[in-house]
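What follows is a set of notes on a single structure, which appears directly below.
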Amino acid sequence: MKKILGIVMLGLMVSLPLKAQKEAITWYSFEEVIDKVEESPKMILVDVYTDWCGWCKKMDRETFTDKKVISYVNENFYAVKLNAEDAKKKFEFRGKEYSEEEMARAMRVRSYPNFVIMDATMENITQLPGYREAKPFVESLMALLENFKH
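Residue numbers -20 to -1, 1 to 130, in mature numbering (1 follows the signal peptide of the UniProt record, and there is no 0), belong to the letters of the sequence shown in order.
This is how it looks when you write it as structure tokens:
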């Protein structure tokens, strides 16, 4: 009996840390998504932010930690974080080199946070500017995907 109890306790101790790990949105770099979308086409959600943006931090803290948001974004999009003021990090896109700052400008982002939605061919479809709570954020993404399918 002690042996069985020991095995059960060991099983619980091993599985508890796995459950304690929080689910999170899988964030990719822009260059990672360029490769991923070729392998397996999916729409792209680009979170354009700045380090000083309070609403961006609130999105990270509250909206992006919501289980429904995490599940919906991970299932339907490749999610990208793009710092609109990072001029150092460079990547190539369609034969041209961009910094994250230059890409944000090329996407015509002028306010933060801003969510640029791209299709699987990496063409910009629309922007969803401003802070959004979890439920309205998921609803906007659902409506967008529904409209895009038609």
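Think of the CB as a built atom: it goes at the ideal place given N, C-alpha and C, for glycine as much as any other residue.
All values derive from a computational prediction rather than experimental measurement.
> Just checking my contact of N63 with T30 at CB under 8 angstroms: how many whole Å lie between their CB atoms?
Replying inline: 7 angstroms
> Where does the unbroken beta strand (DSSP E) through F57 begin, and where does it stop?
Replying inline: 57 to 63
> For the putative contact between K2 and Y8, defined by C-beta atoms under 8 angstroms, what is the C-beta separation to the nearest angstrom?
Replying inline: About 18 angstroms separates the two Cβ atoms, so there is no contact after all.
> Would you report the Cα separation of E72 and E11, rounded to the nearest angstrom?
Replying inline: 7 angstroms
> F44 to G75, Cα distance in whole Å?
Replying inline: 32 angstroms
> So, is N127 buried or exposed, given that buried needs 16 or more other C-beta atoms within 10 angstroms?
Replying inline: Per the 10 Å Cβ criterion, exposed.
> Rounded to whole angstroms, how far is the Cβ of M23 from the Cβ of N56, which I believe are closer than 8 angstroms?
Replying inline: Yes, M23 and N56 are in contact; Cβ-Cβ is about 7 angstroms, under 8 angstroms.
> In this structure, does DSSP put V13 in helix, strand or coil?
Replying inline: DSSP places V13 in helix when its eight states are reduced to three.
> Of all the beta strand (DSSP E) runs that stay within the bounds of the segment 59 to 122, which reach a length of 3 or more residues?
Replying inline: Secondary structure within the segment 59 to 122: the beta strand (DSSP E) runs of 3 or more consecutive residues, fully enclosed, are 70 to 73, 76 to 79, 94 to 98, 104 to 109 (chain order).
> To the nearest angstrom, how far is it from the Cα of S20 to the Cα of T6?
Replying inline: 15 angstroms
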